[in-house]
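Chains as they are written, first to last, in the numbering used here: chain A, 20 to 500; chain B, 44 to 220.
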């Protein structure tokens, strides 16, 4: 027991270290190679076009993210990759202190490729050192800290000098490297027994594919924004340099601290509305500072909601695969792909079609917003079914029934609610339950809402988790309370 | 429930009228438009939006009323009353019949809805005597109650009601002599 406590304490502090490492690394990534302000400032200083650097960097980052999981299969390998990548990225970034040459292109492409692999490799740390219930908060912390640091780096690059910004970004990388060395997993005891999450390797192809599609559709709007909205406010350089990420940070902070009872699905629909309103505002309003604040608040606030939403789903999915680098990599590469596609559409709209570019942008946004609710509802269904499959499919059917009946026949629920909870835990849809019990679907939904309220939970996945916890506390040989 | 439906229809039509009126071709030639111009158009759209919000509230009420009628445990049918006046000869006054539905989610009295077993409001006690049904509900320490006059129940009907209450709400009604 004492050893477990000691190991738990170590895991908690490693969780913080892991957050620090990734926040610092991510801040460099956002400020420099991934359409970063420092990159634009440095290229602007020399008067060269940053398009090839920028798009090439995104493409390389995408390749790094999507392929890492196929080569990195353990936390030790991820650690070595991260250390190597950080060193290479430090040298790669330093190349930009020199005159523009082929070295710039090679440096940034290699750095972007390795940084992508690094981000995917961080999935191992994310899974090992963060319990499932805290993954959303950890993701929120990382996004917030990295964006705050990125804003500081951007301000320095714009107001003082691009090379000062570059120096500070290298300092962030070096600090990340320092803390990564302390995170060396080879020195820690085997914590696999302490890990409370299962490590089942169950086919995640369909849910992951849909999640990726969902992420791509959402982030198309972000990419579009970079190419259509930001250039329109380029004259407000000082305001844009620091304010543009503020609503994003605030939105993530608010969402990550919402009480558990609040249904986050409704918040997603609010975010969809905000995106639509932001583009409409972009069409109607002028290009003043106040207009920028309105448009940016709506747009980046919505982006913050979306990003934390799919990060939380991705974090949950890590439980269902032995190779978290693959899950993280594929999920995040969908994000990059969405930004890339949105950027490409934006470039086409803004560059080739001079008139009515805003109208075309709105059409693209509206199409994505129409698709999103459909994708989301299907994704939710897939994930719910997947949770059910992975937690109950290894039990013999008789034991499944016994477990479910034992769980639902408690004083908290009425007989009707117990009937419905049993069918819910067996993975049946509302429609099927309504058919079996000769009730309307609306009635079933209301009973289910009451059941969740009595257990203080929000969804079927948490009900299954409660069932599993109760099963662990009271295995069949022991009497229930 | 018909009252709620009628109210809903009225709100829908009102909202549509306020929304579409400024778009009508003849509207530009009306006195209102000539006097108030685009201000009236903004006002009309604002009113339409407000009515739409009321519509949504009423729609929610209709949904809940449907939920109650679909899961009815007791249905008390009241009769239409016809009243004729001698003073105003030939005048006939008909009062609308108000059905009462008691379900596991609440009570529907015409257009009035009392909710329980949802949103933290618990059904606490049910007492059935030969003439009345007393239902006690409330949130936390607060208790509200309602007393409904019902028609004579035979033994089978009574057993059915008791079983439904127990099964759906977990409450065992008390039968008073």
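Beta carbons are placed, not taken as given, at the ideal position from N, Cα and C, and that holds for glycine.
Residue 187 of chain B has B:180 as its beta-bridge partners, per DSSP. Interface with chain A (7 Å Cβ-Cβ cutoff): residue 114 of chain B is included. Under the DSSP assignment, residue 153 of chain A falls outside any beta strand (DSSP E); it carries neither an H nor an E label. Burial state of residue 206 of chain B is exposed, judged by a 10 Å Cβ sphere holding fewer than 16 other Cβ atoms. Close CB contacts of residue 54 of chain B within its chain, under the 7 Å cut and outside five residues either way in sequence, are with 94, 97, 98, 101 (chain order). Non-local C-beta neighbours of residue 89 of chain A in its own chain, meaning closer than 8 Å and more than five positions away in sequence, comprise 345, ordered along the chain. In terms of CA proximity to residue 203 of chain A, A:34 leads the group A:450, A:337, A:34, A:307. Within chain A, the residues 469 have their CB atoms less than 8 Å from the CB of residue 160 of chain B, given in chain order. Excluding sequence positions up to five before and after residue 174 of chain B, its CB lies within less than 8 Å of the CB of 192, 193, all in the same chain and listed in chain order.
Non-local beta-carbon contacts of residue 109 of chain A in its own chain, meaning distances under 8 Å to residues more than five positions away in sequence, involve 189, 192, 193, 196 in chain order. Assigned with DSSP and collapsed to three states, residue 300 of chain A falls in helix. C-alpha of residue 47 of chain B to C-alpha of residue 89 of chain B: approximately 24 Å in a straight line. A contact between stretches requires three or more CB pairs, one per stretch, nearer than 8 Å, and the stretch 357 to 371 of chain A fails this requirement with the stretch 99 to 106 of chain A. Setting aside the 5 residues that flank it on each side, residue 126 of chain A is surrounded in the same chain by 111, 114, each with a C-beta closer than 6 Å to its C-beta; the list follows chain order. Flagged as an interface residue toward chain B: residue 433 of chain A, by a C-beta distance shorter than 7 Å. Shown here, residue 323 of chain A sits in a helix according to DSSP, grouped into three states.
In the assembly as shown, residue 66 of chain A is an exposed residue. Its beta-carbon has fewer than 16 other beta-carbons within 10 Å.
Here residue 202 of chain B is exposed: its Cβ has fewer than 16 other Cβ atoms, across all protein chains shown, within 10 Å. Remark: C-beta atoms of residue 130 of chain A and residue 52 of chain A approach each other more closely than 7 Å. By the Cβ rule, the stretch 144 to 158 of chain B counts as touching the stretch 104 to 120 of chain B, because three or more pairs are nearer than 8 Å. In this structure, residue 210 of chain B lies near residue 435 of chain A, with their beta-carbon atoms less than 7 Å apart.
Within the same chain, Cβ atoms closer than 7 Å to the Cβ of residue 464 of chain A are found at 449, the five residues on either side in sequence being excluded. Within chain A, the residues whose beta carbon sits less than 7 Å from that of residue 148 of chain B are 465, listed in sequence order. Between residue 213 of chain B and chain A, the shortest Cβ-Cβ separation is below 7 Å. For residue 462 of chain A, the nearest CB of chain B lies under 7 Å from its own CB, placing it at the interface with that chain.
By alpha-carbon distance to residue 484 of chain A, the top candidate from A:338, A:392, A:324 is A:338.
C-alpha of residue 180 of chain B to C-alpha of residue 456 of chain A: approximately 27 Å in a straight line. Between the stretch 134 to 152 of chain A and the stretch 38 to 54 of chain A, the count of C-beta pairs closer than 8 Å reaches three or more; the two stretches touch. The beta-carbon distance between residue 388 of chain A and residue 295 of chain A, rounded to whole angstroms, is 6 Å. This is short enough to meet the 8 Å contact definition.
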